[in-house]
Amino acid sequence: APQQRPDETEREGWEYASLFGWNFHLKPRKTDSFRRRRWRCRMEPLEKTGPAAIFALECSLSSIEDKHDDKSVTTTFGVNRPTISCFFDRGTRYHLRCYMYQARDLLAMDKDSFSDPYAIVSFLHQSQRTVTVRNTLNPTWDQTLIFYEVEIFGDPEETAANPPNITVEFYDEDTYGADEFMGRC
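Mapping of the sequence shown onto the UniProt record's numbering: residues 1 to 185, in sequence order.
Next up, the structure:
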């Protein structure tokens with residue numbers, strides 16, 4: 001018996017890719033080896049009588065099919081979709097140099113009364129990690145972590161008056177299992 005292609009309703013909601021980590025697409029191809037479920041969330045009014053306030057919308061899986069998925073249409077069910085825009089006058093690029101020298105009296109997280117500590121420095125949306133120092137409670141990293149071209153939007157004077165936070169987290173590296181959290185500053 002000839003194999004039939006699944007109709008559109010059976011294929012709805014799936015995305016396909018040739019290799020995991022590649023971009024997923026909607027139409028299956030012969031070279032695809034991965035498939036994942038795509039849940040599409042549509043805004044639908046609770047009551048279908050007349051235009052509803054934007055606050056009367058709830059997120060639900062709609063049974064209504066989009067025959068032509070027109071992205072330029074700004075209304076659905078007679079209700080305007082909210083448009084959220086954020087405009088900045090200018091962005092300023094900065095460099096952050098974080099000099100990690102040493103830590104003292106860390107917690108012993110391993111059975112041998114030592115730790116294998118490393119630090120993760122987070123600044124805005126970027127993070128960097130130091131090297132791991134083995135079997136010590138007083139690690140000396142003597143390492144500079146450089147964050148290049150960090151763009152911060154807004155007035156530079158305001159950024160200087162209220163700079164973004166820099167977070168340093170310490171972990172104990174374990175050979176087996178997840179690394180253990182030691183603290184944050």
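We put the beta carbon where it would ideally sit given N, CA and C, even for glycine.
These numbers come from a predicted model, not from an experiment.
With respect to Q143, Y171 sits apart: the two C-beta atoms are not nearer than 9 Å.
Within the DSSP bridge table, the entry for I120 names R129, E169 as partners. Of the candidates I152, K27, T31, I152 places its Cα closest to the Cα of N162. Here the alpha carbon of R37 sits roughly 15 Å from the alpha carbon of G21. Within the same chain, Cβ atoms closer than 7 Å to the Cβ of D174 are found at E180, the five residues on either side in sequence being excluded. Membership of A17 in the beta strand (DSSP E) is indicated by the continuous run 14-17.
Bounds of any beta strand (DSSP E) do not take in T175, whose DSSP letter is neither H nor E. Looking at F114, P156, S33, the one whose alpha-carbon comes closest to that of N138 is F114.
Comparing C-alpha distances from E158 to each of F24, F87, T92 shows the shortest one belongs to T92. If you draw a straight line from the Cα of G183 to the Cα of K30, it is about 50 Å long.
The straight-line gap separating the alpha-carbon atoms of R104 and P117 is approximately 11 Å. Bounds of the alpha helix (DSSP H) holding T159 are 156-161.
Under the three-state reduction of DSSP, T92 is assigned to strand.
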